[in-house]
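Engineer: Numbering (our numbering), first residue to last: 13 to 734. Virtual Cβ for every residue (Gly too), placed ideally from N, Cα, C. It should be emphasised that the depicted structure is a prediction, and the values quoted were computed from it without experimental measurement. This is the structure I want to talk about, given as structure tokens.
The following block contains the structure:
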């Protein structure tokens, strides 16, 4: 055409410029293969430039040029194995050193050793432990280098004239008054204080008076207002000094935050608190999800006989909670021992806990076959507690029962929420209550979030309760369930996702709700609500880990513990062997689908007591439906709460056990562990009569501080709610 002659000089100049950059081969390829497709030239030029840059990087770094993902994967696997063995060797080393220390102490202090042996052989008339420790300090310290005590036990049982310990560790320090910590502090050379300022503050018993924010009377919580007369315990006021040992230490010692949260097997269990309480600072790990929503709301309809509410926990809700506990217990007794799920029931008030407890006692009289589930000697035993007592506890399943009836207009007054309505501290109680579950959280109430009349300036606790009810009513999707997070993949992840889609693998990018997200997750081909494979690339998330242990072992290990199948794609392999990597990913995906199907079929057999050929198919249809809509509020769900009484389901008053030297010198008296229990199954509502006049239970109100809850949290929980 007429314009071509005028363009020739410019084309020659471009050719000369490209040749100067060493792109003669590209020019020749454009002439030969793409002369009629000028629109493709910019992309080809960009590809050539990127390839040249990659080759330049390989030339500068021979190790990068020789990288092979399969070889590196073997090195990573070897490292993980050695790292785990290192932990085992460390434990064996400690044991060996302990034995050496004991033998040395027995030889160095024969008189003390003889005294300890004599006391151990006695059947009665033992020396008081305080005297024994004074007379045989070296031998006892060698035998028992670690003591676990409450602050009261320390002051009563351990002599205070010497520094007995190299390190004193305080757990749940937000609940320890500074003055109560002194006895332990003076007996140690160093102190480590661990706690969560967003959890319960100390409770003082028989303290009178108080300011506006100390309206947290626990003595008679019936759903009405709090008693400011001082007859019951109240929180320590910040105006009287430091609120707790934790707040005191933070005033002059740096307090790093442990960010990794391990308890929740489904991110939705902690997502609400992470956003509204911890400001998104917790690093949580997304789970693959399951058949039931991790968070749900059971809305109880009042029967006509119940009448309008007056704030008291209604009979319908109590019956519903008890029926759900029995259902859960029956299902767990039918399941294999390794798959049984523990259960705890949290009541918003002491009075409501007593009512649930009494009703469950009566129901169990007709269900003796369920007694094994409520074994008080089980390590994760079932419990019913009011929210003041649950800090430090955790169970697979938690039922949180409100125990508040709306009025005739369907509204709930703020005065019915007692301590949660405390303006500054009430939110802490709610935060503790909603973070106790490892796998499933069920809220049971006779009202929805719209019924709470928060007013123009609600307390933080009541406002968060209203929002949490909404969150639970959507099955935890109100904050996002890992889908549609709005975080786009980077260019490498997008390229991988496109290639996998072409190979028939549907993926979702950036799966999760916290700062740590899985790069890509692959969906089950027949069940879109089921994700089966975590695919991670070596992008920003991988390289942001500070240590090899974090990036190559701990994260993958925890994801696999949550139920994920895991596959890694290395960028260098993707650039050089793309087709091979797609085939590897396809094989990993097929294996993950087969594993998911086999696991689900096994679970279906467990749940039905035999082979049910339609169980998985029915679940497929359910999950496909769930994938396109939010979970709805259930008025008839088969999950719920539990109870407590003189069977040991709730905490009684703190007791100090006598030092038992005949029991192999088991150390100083310790506070009793909280009595708990665990259990899901057919609806037991019909087995309960209409006795709505549930009498008060046998809960002892004298231990409202939760002081008996001395169970230490695992250090791997990081900064998550303890």
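Quick check: the segment 599–615 against the segment 531–541, are at least 3 beta-carbon pairs closer than 8 Å?
Structural biologist: At 8 Å Cβ cutoff, the stretches touch.
Engineer: Looking only at its chain, what residues have a beta carbon closer than 6 Å to the beta carbon of residue 461, apart from the 5 residues adjacent to it on each side?
Structural biologist: What you label residue 461 is simply residue 449 of the chain shown in a count that begins at 1. Only 478, 481 and 482 meet the Cβ criterion.
Engineer: Taking DSSP as the reference, what is the three-state secondary structure of residue 137?
Structural biologist: Indexing the chain shown from 1 puts residue 137 at position 125. Residue state, collapsed to three classes: coil.
Engineer: Just checking my contact of residue 509 with residue 521 at CB under 8 Å: how many whole Å lie between their CB atoms?
Structural biologist: Translated into the one-based positions of the chain shown, residue 509 becomes position 497. Translated into the one-based positions of the chain shown, residue 521 becomes position 509. Yes, residue 509 and residue 521 are in contact; Cβ-Cβ is about 6 Å, under 8 Å.
Engineer: Taking the alpha carbon of residue 530 as the reference point, which residue from 158, 305, 563 and 27 has its own alpha carbon closest?
Structural biologist: Taking the first residue of the chain shown as position 1, residue 530 is located at position 518. The shortest C-alpha separation from residue 530 is found at 563.
Engineer: Enumerated in chain order, which unbroken segments of the alpha helix (DSSP H) with a length of 4 residues or greater are wholly contained in the segment 513–543?
Structural biologist: You should have found no qualifying run.
Engineer: One question on the structure: do residue 184 and residue 207 come within less than 8 Å of each other, judged by their Cβ atoms?
Structural biologist: Counted from its first residue, the chain shown places residue 184 at position 172. Counted from its first residue, the chain shown places residue 207 at position 195. Yes; because the gap between Cβ atoms is below 8 Å, this pair is in contact.
Engineer: Between residue 90 and residue 97, what straight-line distance do the alpha-carbon atoms span, to the nearest angstrom?
Structural biologist: The sequence position of residue 90 within the chain shown is 78, counting from 1. The sequence position of residue 97 within the chain shown is 85, counting from 1. For residue 90 and residue 97, the distance between alpha carbons rounds to 11 Å.
Engineer: What first and last residue would you give for the alpha helix (DSSP H) that runs through residue 314?
Structural biologist: Residue mapping note: residue 314 aligns to position 302 of the chain shown, counting from 1. No alpha helix (DSSP H) holds residue 314; DSSP gives it neither H nor E.
Engineer: Please work out which residues of its chain come closer than 7 Å, Cβ to Cβ, to residue 583, disregarding the five sequence neighbours upstream and downstream, and give them in chain order.
Structural biologist: The residue given as residue 583 occupies position 571 in the chain shown. Closer than 7 Å at Cβ, skipping near neighbours: 504, 549 and 550.
Engineer: Please classify residue 355: does DSSP put it in a helix, a strand, or coil?
Structural biologist: Numbered from 1 along the chain shown, position 343 holds the residue referred to as residue 355. Three-state result, residue 355: strand.
Engineer: Looking at the unbroken alpha helix (DSSP H) that takes in residue 178, where does it start and where does it end?
Structural biologist: Within the chain shown, the letter at position 166 stands for residue 178. That residue, residue 178, is in no alpha helix (DSSP H); its beta strand (DSSP E) goes 177–182.
Engineer: Tell me the start and end of each unbroken alpha helix (DSSP H) in the segment 554–598 that is at least 4 residues and wholly inside, in chain order.
Structural biologist: DSSP runs (the alpha helix (DSSP H)) wholly in the segment 554–598: 567–573 and 583–588.
Engineer: Out of 344, 117, 600 and 326, which has the shortest C-alpha to C-alpha gap to residue 577?
Structural biologist: For the purposes of this step, residue 577 is taken as the residue at position 565 of the chain shown. Residue 600 is the option with its Cα nearest to residue 577.
Engineer: Looking at the structure shown, is residue 605 part of a helix, part of a strand, or coil, going by DSSP?
Structural biologist: For the purposes of this step, residue 605 is taken as residue 593 along the chain shown, with counting starting at 1. It is helical.
Engineer: Any idea which residues DSSP pairs residue 449 with across the strands?
Structural biologist: Translated into the one-based positions of the chain shown, residue 449 becomes position 437. In the DSSP output, where bridge partners are listed per residue, residue 449 has 407.
Engineer: Quick check on DSSP: helix, strand or coil for residue 211?
Structural biologist: The residue given as residue 211 occupies position 199 in the chain shown. In the structure shown, residue 211 sits in coil (DSSP, three-state: anything other than H, G, I, E or B).
Engineer: Name the one or two DSSP bridge partners that residue 549 has.
Structural biologist: Locating residue 549 in the chain shown gives position 537, where the first residue counts as 1. Paired residues: 581.
Engineer: On the three-pair Cβ rule with 8 Å, is the segment 355–365 touching the segment 391–400?
Structural biologist: Cβ pair count under 8 Å is three or more, so yes.
Engineer: So which of 353, 476 and 163 has the shortest CA-CA distance to residue 392?
Structural biologist: As a position in the chain shown, residue 392 is number 380, starting the count at 1. Among 353, 476 and 163, the Cα nearest to that of residue 392 is on 353.
Engineer: Just how far apart, CA to CA, sit residue 83 and residue 286?
Structural biologist: Taking the first residue of the chain shown as position 1, residue 83 is located at position 71. Taking the first residue of the chain shown as position 1, residue 286 is located at position 274. Rounded to the nearest angstrom, the two C-alpha atoms are 39 Å apart.
Engineer: Would you list the one or two residues that DSSP bridges to residue 397?
Structural biologist: On the chain shown, residue 397 is found 385 positions in, with the first residue counted as 1. DSSP lists 358 as partners of residue 397.
Engineer: Drop a sphere of 10 angstroms on the beta-carbon of residue 488, count the other beta-carbons inside from all chains shown, and report buried for 16 or more, exposed for fewer.
Structural biologist: The sequence position of residue 488 within the chain shown is 476, counting from 1. Buried is the call here.
Engineer: Going by the DSSP bridge assignment, what does residue 200 pair with across the sheet?
Structural biologist: For the purposes of this step, residue 200 is taken as the residue at position 188 of the chain shown. Per DSSP, 177.
Engineer: What did DSSP end up calling residue 384 once you bin it into helix, strand or coil?
Structural biologist: Stepping through the chain shown from its first residue, residue 384 is reached at position 372. Residue state, collapsed to three classes: helix.
Engineer: Among 45, 311, 338 and 272, whose alpha-carbon lies nearest the alpha-carbon of residue 294?
Structural biologist: Numbered from its first residue, the chain shown carries residue 294 at position 282. Measuring from the Cα of residue 294, the nearest candidate turns out to be 272.
Engineer: Suppose only complete runs of 4+ residues qualify. What are the alpha helix (DSSP H) ranges in the segment 22–56, listed by chain order?
Structural biologist: Correct list: 36–45.
Engineer: On a Cα-Cα basis, can you pick out the residue from 406, 139, 21 and 591 that is closest to residue 449?
Structural biologist: Counting from 1 along the chain shown, the entry for residue 449 is found at position 437. Among 406, 139, 21 and 591, the Cα nearest to that of residue 449 belongs to 406.
Engineer: For residue 142 versus residue 170, is the C-beta spacing smaller than 8 Å?
Structural biologist: Here residue 142 refers to the residue found at position 130 when the chain shown is read from its first residue. Here residue 170 refers to the residue found at position 158 when the chain shown is read from its first residue. The answer is yes: Cβ separation under 8 Å.
Engineer: Starting from residue 74 and walking both ways along the alpha helix (DSSP H), at which residues does that stretch end?
Structural biologist: For the purposes of this step, residue 74 is taken as residue 62 along the chain shown, with counting starting at 1. Residues 74–77.
Engineer: Residue 368 bridges to which residues according to DSSP?
Structural biologist: The sequence position of residue 368 within the chain shown is 356, counting from 1. Answer is none; residue 368 lacks a bridge partner.
Engineer: Quick one: what's got a C-beta closer than 6 Å to residue 330's C-beta in the same chain, skipping five residues either side?
Structural biologist: In the chain shown, the residue the question calls residue 330 occupies position 318. Hits under 6 Å: 367, 368, 371 and 706.
Engineer: Which of the three DSSP states is assigned to residue 296 in this structure?
Structural biologist: The residue labelled residue 296 in the question sits at position 284 within the chain shown. Three-state result, residue 296: coil.
Engineer: Measure the C-alpha to C-alpha separation of residue 502 and residue 79 and round it to an integer number of angstroms.
Structural biologist: On the chain shown, residue 502 is found 490 positions in, with the first residue counted as 1. On the chain shown, residue 79 is found 67 positions in, with the first residue counted as 1. Taking the straight line from one Cα to the other gives about 22 Å.
Engineer: Should residue 312 and residue 425 be called a contact, given that it needs their Cβ atoms to be closer than 8 Å?
Structural biologist: What you label residue 312 is simply residue 300 of the chain shown in a count that begins at 1. What you label residue 425 is simply residue 413 of the chain shown in a count that begins at 1. No, they are not a contact pair.
Engineer: Sort out for me which residues DSSP pairs residue 456 with in a bridge.
Structural biologist: Start at 1 with the first residue of the chain shown, and residue 456 comes out as number 444. Per DSSP, 310 and 413.
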